[in-house]
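Asker: FYI, in this note's numbering the residues of the sequence shown are 70 to 344. We treat Cβ as the ideally placed atom computed from N, Cα and C, and that holds for glycine. The structure presented is a predicted model; accordingly, all values stated were derived computationally and were not measured.
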Amino acid sequence: MTSFTLPHELHGDGAHKVFAVHGWFADRSAYASVLPDLDTMSFTYALVDLRGYGEAKDAVGAYSTAEAAQDLLELADRLGWERFSVVGHSMGGAVAQRLLALAPGRLRRIVGVSPVPASGLPLPADQWELFADAAQLPENRRTIIDFTTGGVRPAAWLERMVARSVAVSDPKAFRSWLDSWAGEDFHAEVAGARVPALAVAGRLDPALSAALLRETWRRWYPYGEVRELSGAGHYAMDESPLELIQVVEAFLDADDEDDVDDEGDEEAEPEGEEA
(Lines of atoms letter the chains of each structure in order from A; the text may use other names.)
(Lines give C-alpha, C1' and ligand atoms only; values in the text may rest on other atoms or scores of the structure.)
Protein backbone atom coordinates (compact mmCIF):
# COMPACT_ATOMS: atom_id res chain seq x y z
CA MET A 70 0.00 0.00 0.00
CA THR A 71 1.33 3.41 -0.96
CA SER A 72 0.65 6.67 0.85
CA PHE A 73 -2.12 8.65 -0.81
CA THR A 74 -4.18 11.68 0.17
CA LEU A 75 -7.85 10.98 -0.48
CA PRO A 76 -9.64 13.78 -2.35
CA HIS A 77 -12.20 15.21 0.01
CA GLU A 78 -14.50 18.10 0.80
CA LEU A 79 -15.36 19.48 4.23
CA HIS A 80 -18.81 20.55 5.39
CA GLY A 81 -19.49 22.22 8.72
CA ASP A 82 -17.31 23.34 11.59
CA GLY A 83 -18.68 21.31 14.50
CA ALA A 84 -16.50 19.71 17.14
CA HIS A 85 -17.54 16.17 16.25
CA LYS A 86 -15.52 15.10 13.20
CA VAL A 87 -17.09 12.56 10.83
CA PHE A 88 -15.83 10.83 7.70
CA ALA A 89 -18.49 9.92 5.12
CA VAL A 90 -17.41 7.04 2.87
CA HIS A 91 -19.28 6.09 -0.31
CA GLY A 92 -20.14 2.66 -1.60
CA TRP A 93 -19.35 0.58 -4.69
CA PHE A 94 -21.63 2.41 -7.11
CA ALA A 95 -20.70 6.05 -6.45
CA ASP A 96 -18.11 8.58 -5.39
CA ARG A 97 -18.64 11.16 -2.66
CA SER A 98 -21.58 12.58 -4.63
CA ALA A 99 -23.52 9.67 -3.08
CA TYR A 100 -24.15 12.05 -0.17
CA ALA A 101 -25.39 14.97 -2.28
CA SER A 102 -29.03 14.52 -1.25
CA VAL A 103 -28.31 14.79 2.48
CA LEU A 104 -25.83 17.67 2.38
CA PRO A 105 -28.31 20.58 2.59
CA ASP A 106 -29.83 19.31 5.83
CA LEU A 107 -26.85 18.09 7.86
CA ASP A 108 -26.17 19.62 11.29
CA THR A 109 -23.04 21.55 10.37
CA MET A 110 -22.91 23.33 13.72
CA SER A 111 -22.46 20.11 15.70
CA PHE A 112 -20.47 18.14 13.14
CA THR A 113 -17.69 18.55 10.61
CA TYR A 114 -18.15 16.10 7.77
CA ALA A 115 -15.36 15.05 5.42
CA LEU A 116 -16.71 13.42 2.26
CA VAL A 117 -14.03 11.39 0.51
CA ASP A 118 -13.39 9.79 -2.88
CA LEU A 119 -11.86 6.34 -2.53
CA ARG A 120 -9.23 5.22 -5.02
CA GLY A 121 -10.82 4.54 -8.38
CA TYR A 122 -13.66 7.02 -7.88
CA GLY A 123 -14.38 10.70 -8.48
CA GLU A 124 -11.29 12.87 -8.17
CA ALA A 125 -9.33 9.70 -7.34
CA LYS A 126 -10.61 7.89 -10.42
CA ASP A 127 -7.11 7.52 -11.87
CA ALA A 128 -5.35 6.71 -8.59
CA VAL A 129 -3.49 3.42 -8.56
CA GLY A 130 -3.77 1.04 -5.65
CA ALA A 131 -4.96 -2.30 -4.37
CA TYR A 132 -8.60 -1.08 -4.29
CA SER A 133 -9.27 -2.84 -1.02
CA THR A 134 -11.06 -2.01 2.20
CA ALA A 135 -7.80 -2.40 4.15
CA GLU A 136 -6.02 0.10 1.91
CA ALA A 137 -8.96 2.51 2.19
CA ALA A 138 -8.85 2.34 5.99
CA GLN A 139 -5.18 3.26 5.93
CA ASP A 140 -5.92 6.12 3.52
CA LEU A 141 -8.59 7.43 5.90
CA LEU A 142 -6.26 7.24 8.88
CA GLU A 143 -3.62 9.20 7.00
CA LEU A 144 -6.21 11.79 6.00
CA ALA A 145 -7.31 12.10 9.64
CA ASP A 146 -3.69 12.86 10.55
CA ARG A 147 -3.46 15.50 7.82
CA LEU A 148 -6.67 17.11 9.04
CA GLY A 149 -5.51 17.02 12.65
CA TRP A 150 -8.40 14.77 13.70
CA GLU A 151 -7.28 12.76 16.72
CA ARG A 152 -10.72 11.20 17.32
CA PHE A 153 -13.58 10.96 14.85
CA SER A 154 -16.55 8.94 13.71
CA VAL A 155 -17.12 7.21 10.38
CA VAL A 156 -20.29 6.81 8.31
CA GLY A 157 -19.97 4.31 5.47
CA HIS A 158 -22.47 3.21 2.83
CA SER A 159 -22.47 -0.41 1.66
CA MET A 160 -18.84 -1.09 0.68
CA GLY A 161 -18.00 2.02 2.70
CA GLY A 162 -19.51 0.27 5.71
CA ALA A 163 -16.91 -2.46 5.30
CA VAL A 164 -14.24 0.26 5.09
CA ALA A 165 -15.53 1.74 8.36
CA GLN A 166 -15.15 -1.65 10.04
CA ARG A 167 -11.64 -2.02 8.63
CA LEU A 168 -10.82 1.33 10.20
CA LEU A 169 -12.23 0.03 13.47
CA ALA A 170 -9.82 -2.89 13.26
CA LEU A 171 -6.92 -0.58 12.40
CA ALA A 172 -7.40 2.20 14.95
CA PRO A 173 -10.16 1.41 17.48
CA GLY A 174 -8.88 3.95 19.98
CA ARG A 175 -9.40 6.83 17.56
CA LEU A 176 -13.00 6.08 16.67
CA ARG A 177 -15.86 7.68 18.57
CA ARG A 178 -18.67 5.89 16.70
CA ILE A 179 -19.24 4.05 13.44
CA VAL A 180 -22.35 3.99 11.28
CA GLY A 181 -23.01 1.61 8.44
CA VAL A 182 -25.77 2.48 5.96
CA SER A 183 -26.69 -0.86 4.40
CA PRO A 184 -23.17 -1.94 5.38
CA VAL A 185 -21.43 -4.97 3.93
CA PRO A 186 -20.59 -7.17 6.95
CA ALA A 187 -16.97 -7.63 7.97
CA SER A 188 -17.42 -11.28 6.95
CA GLY A 189 -17.89 -10.23 3.33
CA LEU A 190 -20.90 -11.09 1.18
CA PRO A 191 -20.59 -14.48 -0.52
CA LEU A 192 -22.58 -14.56 -3.75
CA PRO A 193 -23.94 -17.55 -5.70
CA ALA A 194 -22.23 -18.13 -9.05
CA ASP A 195 -24.93 -16.44 -11.14
CA GLN A 196 -25.01 -13.39 -8.88
CA TRP A 197 -21.22 -13.21 -8.87
CA GLU A 198 -21.24 -13.09 -12.66
CA LEU A 199 -23.86 -10.33 -12.58
CA PHE A 200 -21.79 -8.26 -10.16
CA ALA A 201 -18.42 -8.95 -11.79
CA ASP A 202 -19.66 -8.01 -15.26
CA ALA A 203 -21.21 -4.81 -13.90
CA ALA A 204 -17.79 -3.22 -14.26
CA GLN A 205 -18.31 -3.17 -18.03
CA LEU A 206 -22.09 -3.53 -18.43
CA PRO A 207 -24.32 -0.64 -17.32
CA GLU A 208 -27.38 -2.86 -17.68
CA ASN A 209 -26.00 -5.08 -14.90
CA ARG A 210 -25.65 -2.06 -12.65
CA ARG A 211 -29.26 -1.18 -13.37
CA THR A 212 -30.41 -4.71 -12.49
CA ILE A 213 -28.52 -4.60 -9.20
CA ILE A 214 -29.86 -1.18 -8.23
CA ASP A 215 -33.42 -2.17 -9.16
CA PHE A 216 -33.22 -5.41 -7.16
CA THR A 217 -31.74 -3.80 -4.05
CA THR A 218 -34.42 -1.08 -3.98
CA GLY A 219 -37.35 -3.50 -4.15
CA GLY A 220 -38.13 -3.13 -7.84
CA VAL A 221 -40.34 -0.12 -7.15
CA ARG A 222 -38.24 2.88 -8.22
CA PRO A 223 -38.98 4.88 -11.40
CA ALA A 224 -37.05 3.98 -14.53
CA ALA A 225 -35.69 7.51 -14.83
CA TRP A 226 -34.24 7.31 -11.31
CA LEU A 227 -32.60 3.97 -12.07
CA GLU A 228 -31.06 5.36 -15.24
CA ARG A 229 -29.78 8.40 -13.38
CA MET A 230 -28.19 6.24 -10.70
CA VAL A 231 -26.52 4.07 -13.35
CA ALA A 232 -25.26 7.08 -15.31
CA ARG A 233 -23.68 8.55 -12.19
CA SER A 234 -22.09 5.23 -11.28
CA VAL A 235 -20.51 4.80 -14.71
CA ALA A 236 -19.31 8.41 -14.84
CA VAL A 237 -17.55 8.46 -11.45
CA SER A 238 -15.89 5.03 -11.35
CA ASP A 239 -12.96 3.45 -13.16
CA PRO A 240 -14.02 0.03 -14.53
CA LYS A 241 -10.84 -1.80 -13.51
CA ALA A 242 -10.91 -0.36 -10.01
CA PHE A 243 -14.65 -1.07 -9.77
CA ARG A 244 -14.04 -4.72 -10.57
CA SER A 245 -11.13 -5.00 -8.12
CA TRP A 246 -13.14 -3.48 -5.29
CA LEU A 247 -15.66 -6.32 -5.64
CA ASP A 248 -13.05 -8.92 -4.70
CA SER A 249 -12.31 -7.03 -1.50
CA TRP A 250 -15.70 -6.08 -0.12
CA ALA A 251 -17.48 -9.26 -1.17
CA GLY A 252 -14.70 -11.79 -0.71
CA GLU A 253 -12.73 -10.81 2.38
CA ASP A 254 -13.65 -11.99 5.88
CA PHE A 255 -12.05 -10.00 8.69
CA HIS A 256 -14.82 -10.16 11.26
CA ALA A 257 -12.54 -11.87 13.80
CA GLU A 258 -10.53 -8.63 13.90
CA VAL A 259 -13.52 -6.53 15.00
CA ALA A 260 -15.75 -8.91 16.94
CA GLY A 261 -16.14 -7.64 20.48
CA ALA A 262 -15.06 -4.08 19.67
CA ARG A 263 -16.56 -1.68 22.20
CA VAL A 264 -17.00 1.31 19.90
CA PRO A 265 -20.72 2.16 19.57
CA ALA A 266 -21.86 0.94 16.16
CA LEU A 267 -25.10 1.62 14.30
CA ALA A 268 -26.25 -0.28 11.22
CA VAL A 269 -29.10 1.24 9.19
CA ALA A 270 -30.95 -1.11 6.85
CA GLY A 271 -33.57 -0.33 4.22
CA ARG A 272 -36.68 -2.50 4.37
CA LEU A 273 -36.81 -2.69 0.57
CA ASP A 274 -33.26 -4.09 0.32
CA PRO A 275 -33.29 -7.92 0.24
CA ALA A 276 -29.50 -8.17 -0.02
CA LEU A 277 -28.34 -6.34 3.11
CA SER A 278 -31.42 -6.68 5.23
CA ALA A 279 -31.99 -5.95 8.90
CA ALA A 280 -32.14 -9.71 9.48
CA LEU A 281 -28.68 -10.20 8.00
CA LEU A 282 -27.28 -7.31 10.03
CA ARG A 283 -28.77 -8.72 13.23
CA GLU A 284 -26.87 -11.96 12.54
CA THR A 285 -23.58 -10.19 11.81
CA TRP A 286 -23.20 -6.57 12.95
CA ARG A 287 -25.37 -6.91 16.05
CA ARG A 288 -23.67 -10.14 17.13
CA TRP A 289 -20.15 -8.76 16.81
CA TYR A 290 -20.56 -5.35 18.43
CA PRO A 291 -21.68 -5.35 22.09
CA TYR A 292 -22.45 -1.63 21.80
CA GLY A 293 -24.16 -2.07 18.46
CA GLU A 294 -27.68 -1.64 17.19
CA VAL A 295 -29.65 -2.16 14.00
CA ARG A 296 -32.26 0.27 12.72
CA GLU A 297 -34.53 -0.15 9.71
CA LEU A 298 -35.96 2.56 7.46
CA SER A 299 -39.33 1.47 6.12
CA GLY A 300 -39.24 3.64 2.98
CA ALA A 301 -35.71 2.90 1.84
CA GLY A 302 -33.87 0.24 -0.06
CA HIS A 303 -30.10 0.06 -0.44
CA TYR A 304 -29.64 3.77 -1.20
CA ALA A 305 -31.14 5.50 1.81
CA MET A 306 -29.26 8.75 1.09
CA ASP A 307 -31.29 9.11 -2.13
CA GLU A 308 -34.48 7.34 -1.09
CA SER A 309 -35.08 8.61 2.48
CA PRO A 310 -32.54 11.40 3.12
CA LEU A 311 -34.34 13.19 5.97
CA GLU A 312 -35.11 10.00 7.87
CA LEU A 313 -31.53 8.85 7.44
CA ILE A 314 -30.13 12.13 8.76
CA GLN A 315 -32.39 12.01 11.79
CA VAL A 316 -31.35 8.46 12.73
CA VAL A 317 -27.65 8.89 12.05
CA GLU A 318 -27.13 12.28 13.67
CA ALA A 319 -29.13 11.29 16.76
CA PHE A 320 -26.80 8.31 17.14
CA LEU A 321 -23.66 10.38 16.59
CA ASP A 322 -24.87 13.11 18.94
CA ALA A 323 -25.41 10.58 21.73
CA ASP A 324 -21.62 10.30 21.89
CA ASP A 325 -21.56 13.38 24.12
CA GLU A 326 -24.06 11.85 26.53
CA ASP A 327 -23.00 8.28 27.12
CA ASP A 328 -19.55 7.64 25.69
CA VAL A 329 -16.89 6.25 28.00
CA ASP A 330 -15.17 9.16 29.72
CA ASP A 331 -11.49 9.90 29.26
CA GLU A 332 -10.55 8.56 32.68
CA GLY A 333 -12.42 5.30 32.16
CA ASP A 334 -14.51 5.80 35.34
CA GLU A 335 -17.78 5.05 33.56
CA GLU A 336 -18.88 2.75 30.79
CA ALA A 337 -22.00 3.03 28.70
CA GLU A 338 -24.29 0.02 28.77
CA PRO A 339 -24.52 -1.88 25.48
CA GLU A 340 -27.17 -0.28 23.31
CA GLY A 341 -30.28 -2.17 22.32
CA GLU A 342 -31.49 -3.15 18.91
CA GLU A 343 -34.40 -1.50 17.14
CA ALA A 344 -35.33 -3.24 13.94
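Closer than 6 Å by C-beta to D254: which residues in its own chain qualify, once you throw out the five before and the five after it? Chain order, please.
Answerer: Same-chain partners within the cutoff: S188, G189.
Asker: Nearest to A115 by alpha carbon, out of Y132, S309, S234, D96?
Answerer: Residue D96 is the option with its Cα nearest to A115.
Asker: Give the range of the beta strand (DSSP E) segment to which L119 is assigned.
Answerer: No beta strand (DSSP E) holds L119; DSSP gives it neither H nor E.
Asker: Please list the terminal residues of the continuous beta strand (DSSP E) segment that includes K86.
Answerer: Element bounds for K86: 85-90.
Asker: Using DSSP with H/G/I as helix, E/B as strand and the rest coil, what is H303?
Answerer: Three-state DSSP puts H303 in coil, outside helix and strand.
Asker: Please report the residue range of the alpha helix (DSSP H) in which V316 lies.
Answerer: Start and end: 310-322.
Asker: Taking the alpha-carbon positions, what's the F94 to S309 distance?
Answerer: Their backbone Cα atoms lie some 18 Å apart in a straight line.
Asker: For S72, count the other beta carbons within 10 Å of its own beta carbon; 16 or more makes it buried, fewer makes it exposed. Which is it?
Answerer: Burial call: exposed.
Asker: Please report how far the alpha carbon of L311 lies from the alpha carbon of Q166, in whole angstroms.
Answerer: If I take the Cα positions, the gap works out to 25 Å.
Asker: For V259 and W289, I'd like the C-alpha separation in whole angstroms.
Answerer: Between V259 and W289, the C-alpha separation is close to 7 Å.
Asker: What residue does the alpha helix (DSSP H) around L206 start on, and which one ends it?
Answerer: Neither: L206 is in no alpha helix (DSSP H) and is coded neither H nor E.
Asker: Taking A135 as the reference, which of Y292, D108, A305, G252 has the closest Cα?
Answerer: If we check each option's Cα against that of A135, G252 comes out closest.
Asker: Using three-state DSSP, classify G220 as helix, strand or coil.
Answerer: Coil, per DSSP.
Asker: I'd like the ranges of any alpha helix (DSSP H) spanning at least 4 consecutive residues and lying wholly in the stretch 153-192.
Answerer: Runs of the alpha helix (DSSP H) inside the stretch 153-192: 160-171.
Asker: Which stretch, first to last residue, makes up the beta strand (DSSP E) that contains R263?
Answerer: Premise fails: R263 is in no beta strand (DSSP E) and is neither H nor E.
Asker: L313 and V264 - do their beta-carbons sit closer together than 8 Å?
Answerer: The answer is no: Cβ separation not under 8 Å.
Asker: For P186, which of R152, E208, A280 has the nearest alpha-carbon?
Answerer: Closest by alpha carbon: A280.
Asker: Here's the rule: buried if 16 or more other CB atoms are within 10 angstroms of the residue's CB, otherwise exposed. What is G92?
Answerer: G92 should be labelled buried.
Asker: DSSP three-state label for E253, please.
Answerer: Of the three classes helix, strand and coil, the one that applies to E253 here is coil, per DSSP.
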